[in-house]
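Everything below concerns the one structure shown next.
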Amino acid sequence: MGLLVTTTEKVPGYRVVEVKGLARGGIVRATHVGRDIMAFLKNLKGGEVKEYTEMLAEAREEALKRMVLNAQEMGANAVIGVRFMTSSVASGMAEIYAYGTAVVVEKEE
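With this note's numbering applied, the sequence shown has no gaps in its numbers, which climb one by one up to 342 at the end.
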């Protein structure tokens, strides 16, 4: 089993045998002029701003990867209760933060 990541507090078929602590990973992403121009044009006619959707999806994946690496460094084989947080840092910049509880789980008999 690779590192298990779940939003639930319990994993069916497994039991938590040790809590390692808070696993976290974050990234701050800034927009760039090209995306801003496209977003402005799409804002005029309405609809999804795919450039920002893609940018935030990439940032979430990077934050998740960093959280997993943090959990592995603590010796965990799972992260439970995973959550994401997004906040505006400055004009044109957003922080994406992934966090959860790093644990060691074992398969139940």
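From the three backbone atoms N, C-alpha and C, an ideal C-beta is built for every residue, glycine too.
Since the structure is predicted, the reported quantities are computational estimates derived from the model, not experimental observations.
8 Å contact criterion, which residue i and residue j should meet: CB distance rounded
| i | j | result |
| --- | --- | --- |
| L297 | A331 | 5 Å |
| E251 | I313 | Contact flag wrong, Cβ pair sits at about 12 Å. |
| L236 | Q305 | 6 Å |
| R293 | F317 | 6 Å |
| T319 | A311 | The Cβ separation is near 24 Å, so there is no contact. |
CB contact flag (residue i, residue j, <8 Å)
| i | j | result |
| --- | --- | --- |
| R248 | E339 | yes |
| G246 | N303 | no |
| V337 | K253 | yes |
| I260 | E287 | no |
CB contact check: residue i to chain C, cutoff 8 Å
| i | result |
| --- | --- |
| K340 | Among the chains in the structure shown there is no chain C, since it carries only a single protein chain. |
Residue i (DSSP reduced to helix, strand or coil)
| i | result |
| --- | --- |
| K298 | helix |
| T334 | strand |
| T241 | coil |
| M288 | helix |
| E339 | strand |
| E348 | No answer is possible for residue 348: the residues shown for the chain start at 234 and end at 342. |
Range covered by the beta strand (DSSP E) that runs through residue i
| i | result |
| --- | --- |
| R236 | Arg is not the amino acid found at residue 236; the sequence shown has Leu there. Careful: L236 lies outside any beta strand (DSSP E) and carries neither H nor E. |
| A323 | A311 to A323 |
| G258 | Y247 to A263 |
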